[in-house]
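Asks: Right, I'll just put the structure down here and ask away after.
2 protein chains.
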Amino acid sequence: MTDINKINEFRVNNFGAGPGCVPTEVLLEAQKELLNFQGCGKSIMEVSHRGKEFEGVINETKSNLKKLLSINDDYDVLFLQGGASSLFAGIPMNLCENGVEDTVDFIVTGSWSKQATADGKYFCKVNKVVDMEKEKFLTVTEPSQWKFSEDAKYVHYCDNETIHGIEMPITTPDHLPSNLIKVCDMSSNFLSKPIDVSKFDLIFAGAQKNAGISGITIVIIKKSLLLKTKPNVPSVFNFLKKSQNNSLDNTPPTFNIYITGLILKWIINKGGLGEIEKLNIAKAHALYNYIDGSNGFYRCSIDKIYRSRMNVVFRIQDGNIELEEKFIKEAAKENITDIKGHRSVGGLRVSLYNAITIDQTLILINFMTNFYNNNK
Amino acid sequence: MTDINKINEFRVNNFGAGPGCVPTEVLLEAQKELLNFQGCGKSIMEVSHRGKEFEGVINETKSNLKKLLSINDDYDVLFLQGGASSLFAGIPMNLCENGVEDTVDFIVTGSWSKQATADGKYFCKVNKVVDMEKEKFLTVTEPSQWKFSEDAKYVHYCDNETIHGIEMPITTPDHLPSNLIKVCDMSSNFLSKPIDVSKFDLIFAGAQKNAGISGITIVIIKKSLLLKTKPNVPSVFNFLKKSQNNSLDNTPPTFNIYITGLILKWIINKGGLGEIEKLNIAKAHALYNYIDGSNGFYRCSIDKIYRSRMNVVFRIQDGNIELEEKFIKEAAKENITDIKGHRSVGGLRVSLYNAITIDQTLILINFMTNFYNNNK
Chain W
1 MTDINKINEF RVNNFGAGPG CVPTEVLLEA QKELLNFQGC GKSIMEVSHR GKEFEGVINE
61 TKSNLKKLLS INDDYDVLFL QGGASSLFAG IPMNLCENGV EDTVDFIVTG SWSKQATADG
121 KYFCKVNKVV DMEKEKFLTV TEPSQWKFSE DAKYVHYCDN ETIHGIEMPI TTPDHLPSNL
181 IKVCDMSSNF LSKPIDVSKF DLIFAGAQKN AGISGITIVI IKKSLLLKTK PNVPSVFNFL
241 KKSQNNSLDN TPPTFNIYIT GLILKWIINK GGLGEIEKLN IAKAHALYNY IDGSNGFYRC
301 SIDKIYRSRM NVVFRIQDGN IELEEKFIKE AAKENITDIK GHRSVGGLRV SLYNAITIDQ
361 TLILINFMTN FYNNNK
Chain X
1 MTDINKINEF RVNNFGAGPG CVPTEVLLEA QKELLNFQGC GKSIMEVSHR GKEFEGVINE
61 TKSNLKKLLS INDDYDVLFL QGGASSLFAG IPMNLCENGV EDTVDFIVTG SWSKQATADG
121 KYFCKVNKVV DMEKEKFLTV TEPSQWKFSE DAKYVHYCDN ETIHGIEMPI TTPDHLPSNL
181 IKVCDMSSNF LSKPIDVSKF DLIFAGAQKN AGISGITIVI IKKSLLLKTK PNVPSVFNFL
241 KKSQNNSLDN TPPTFNIYIT GLILKWIINK GGLGEIEKLN IAKAHALYNY IDGSNGFYRC
301 SIDKIYRSRM NVVFRIQDGN IELEEKFIKE AAKENITDIK GHRSVGGLRV SLYNAITIDQ
361 TLILINFMTN FYNNNK
């Protein structure tokens, strides 16, 4: 414990949206064995992807992920490269054998689902079931109003919009047509809470929020879907080829998978996803409650039922840019960093990923209180 | 110096083909700053890809690569994900606008160029200019016999066949039709020697041999080629999009790029690629000379002018499997590891990447001498 406290003295409170903070314990473990992985005399960066050391890492990582999310044998877990957004092309290439003649339904609730339609339009016919851009992505029309097409190959939605701070309710898949293949981009809330994988056909997530570092994309896919993949789907996101080869058809990002493995063990040590969720609820409640109680000095304009636990987006005095800049500057002096809103929306954004502790959240709220008192 | 020597006491002599050994100095540097990159209070794994810390890393890495290889402004350097072999689909998708109606010339000299034709056939019409498989990939027909097609969009060859131990002469591009676009897979000899980039239109390399760790693919591309890329090329290998966004159109593998940056600085400290090449020549000469002088106990069957400096492939007593297994076992006792030949060819393979020192090569030769004396 003392060790960690000493180390945290020089580490900042990094509320960045991603690549986000990594638990200090995970970094310490990686540092300790960086030149000598489990006594093999090599760094994990230097071992063959086909050797026994890495085989142990990838199999344990896969198995721990299956345990944590209670993934049953109807599903396979794949480790891909290219980033989650590479799959905006990769998924239709796998699932739409007739290319732009095949329709895909998209639920557009923020920048990432919007980009999925922009990138996807070269590989499928895009149907927007709902498009919240006209509402500035501050809310989501209720599911009974969503207009599904009759012949969609699948429906795509983004469970947590990192840029706009919108998170879909856990019940969302229940509001989708039962016979429709369900594809969900969980990049920024993956592993932040338990989910019922069996409600989905394909879940994908870039790791660099709660599940690792950038350079690895996790895919959970129903095995029956793999039959749709044709041989002309490029290897980089050929789900069938990846599944048949345990993600080892070519050299995977070995170090990145190793870090995901360490993070999964850290989550298990914390008591699993149920315990992680409790902490995430506590952190998000504390911050939103403080914002809502600040007499409008701080304001989060997102519809309450869609507010993200992971990315808290807010403004100061409804967009006082000077004051927001002052806020960022003074926060930095208190070792509170990476809180600037995405360049496309401005304002402030605080990301409360798993590695952020309750203490760190309270440090932030304490700073916000002082800033409010000095600038109201 | 003492520090490195102490550390090398527990580190094995890793002659693996890739992911290969990383210079101990690079690992030490990464380890030292793993929790606090340049005093920013964050790990390099935790910084935003759009923040000033990572911007410094990617720009310095790009600039050092340009300096080391004397890359002029007609070229851009891209950092991609997916592995070099993902580009067996990605390159025709960028360069063949008519797909399988467009012909590509392939020089097939080993497993990797063969796989390029197998993966590429879905995205272009494959013409094998020469196919050395019938000769078991032990030599290469001389260039005057190569049969180029009249209308190829480009020619693809692999400069160093990691599995078969074949390396093409530095003069190879001079034997290609001057008006033909030249694409070269340099995955396993990239940064092992100076090259004249201006003789190529596109060079690509997975980093995990001499240029970094797995999870990053380096592309050097003539800017005029970028005009060929159509918007329906998936982002993951859309050369135009990557170039326009300094490889930051989505989150890149930040840690992996950082390690490449450290390795480039290590090469610069060693005196640059000319000095590196001298060491690589010395190591390869020592090993091949020893093998050739072993009265056939060890034998490398590769045609001498095509023998790879990077991957030395050989057999014991022309394929005495029991003795080869004994060799691997006894070598391990002397901390000599990862010398088993690729499963598709058998035998032994010693990779002499940049991070392998002359001392380590001599340790290996000394072991081989003792093994010869005990088993001849």
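These protein sequence lines are chains W and X, in that order. Those letters in the first sequence? Residues 1 to 376, per full-length UniProt numbering, in order. Those letters in the second sequence? Residues 1 to 376, per full-length UniProt numbering, in order. Where a beta carbon is used, it is the ideal one built from N, C-alpha and C, also for glycine.
1) Could you tell me which chain X residues have their CB closer than 8 angstroms to the CB of V22/W, listed as they occur along the chain?
2) State whether the region 266-276 of chain X contacts the region 176-195 of chain X, with contact taken as three or more CB pairs (one from each stretch) at a distance under 8 angstroms.
3) Could you tell me whether any Cβ in chain X is nearer than 8 angstroms to the Cβ of F10/W?
4) My output table needs one value for I336/W: the three-state DSSP class, helix, strand or coil.
5) Is V350/W near the ligand PLP, going by C-beta to nearest heavy atom under 7 angstroms?
6) According to the neighbour-count rule (16 or more other Cβ atoms, all chains shown, within 10 Å of its Cβ), is A118/X buried or exposed?
7) Using Cβ-Cβ distances below 8 angstroms, what residues of the region 240-259 of chain X are close to chain W?
8) Bridge partners for Y154/W per DSSP, in chain order?
9) Within 8 angstroms of any Cβ in chain X, is that where the Cβ of N5/W sits?
10) Which whole-angstrom value describes the C-beta separation of E25/X and I44/X, a residue pair presumed to lie in contact below a C-beta threshold of 8 angstroms?
11) Distance, Cα to Cα, K32/W vs F15/X?
12) On the CB-based measure, 16 or more other CB atoms within 10 Å of its CB, does I170/X come out buried or exposed?
13) Assuming P19/X contacts S48/W (C-beta within less than 8 angstroms), just tell me the rounded distance between them.
14) Please report the residue range of the alpha helix (DSSP H) in which N374/X lies.
15) Taking the C-alpha atoms as reference points, what is the distance between T260/W and G39/W?
16) For a contact meaning CB atoms closer than 8 angstroms, what does A89/X contact in chain W?
17) Does the Cβ of T369/X have 16 or more other Cβ atoms within 10 Å, making it buried, or fewer, making it exposed?
18) Of the residues N72/X, F200/X, N256/X and V233/X, which one's Cα is nearest the Cα of C158/X?
19) Just checking: is the beta-carbon of N280/X within a distance shorter than 8 angstroms of some beta-carbon in chain W?
20) Can you say whether G99/X is buried or exposed, counting buried as having 16 or more other CB atoms within 10 angstroms of its CB?
21) If we require 3 or more residues per run, which beta strand (DSSP E) segments fall completely within the region 176-220 of chain W?
22) Between the Cα of A355/W and the Cα atoms of K147/W, K228/W and C21/W, which residue gives the shortest distance?
23) Could you give the DSSP three-state label for K147/X: helix, strand or coil?
24) For I356/W, which residues in chain X fall below 8 angstroms Cβ to Cβ?
25) Applying a beta-carbon distance threshold of less than 7 angstroms, which residues of chain W neighbour G206/X?
26) CB I339/W to CB I58/W, shorter than 8 angstroms?
27) Give me the DSSP bridge partner(s) of D102/X.
28) Check whether chain X comes within 8 angstroms of N36/W, counting only Cβ atoms and requiring the distance to be less than that.
29) Does the beta-carbon distance from D76/W to K223/W come in below 8 angstroms?
30) For F314/X, report the span of its beta strand (DSSP E) as first-last.
31) Taking F148/X as the reference, which of E142/X, N72/X and P177/X has the closest Cα?
32) Since S111/W and H164/W should fall inside the 8 angstroms C-beta cutoff, what is the C-beta to C-beta distance between them, to a whole number of angstroms?
33) Short of 6 angstroms in beta carbon distance, which residues of its chain neighbour K376/W, apart from the five on each side in sequence? Order them along the chain.
34) Buried or exposed: where does I321/W fall if 16 or more other Cβ atoms within 10 Å of its Cβ makes it buried?
35) Using the beta-carbon count (16 or more within 10 Å), is H156/X buried or exposed?
36) Return the first residue and the last residue of the alpha helix (DSSP H) that D303/X is part of.
Replies: Reading off the structure:
1) S43, M45 and E46
2) yes
3) yes
4) strand
5) This structure simply doesn't include the ligand PLP, nor any ligand for that matter.
6) exposed
7) N250, T251, P252, P253, T254, F255, N256 and I259
8) None; Y154/W has no bridge partner.
9) no
10) The Cβ separation is near 17 angstroms, so there is no contact.
11) 23 angstroms
12) exposed
13) 7 angstroms
14) I358 to N375
15) 20 angstroms
16) P234, S235 and V236
17) exposed
18) F200/X
19) no
20) exposed
21) 182-185 and 202-206
22) C21/W
23) coil
24) Simply none; closest approach about 11 angstroms.
25) T251
26) no
27) D102/X is not bridged to any residue.
28) yes
29) yes
30) N311 to I316
31) P177/X
32) 6 angstroms
33) F297
34) exposed
35) buried
36) Unbroken run through D303/X: none, as it is neither H nor E.
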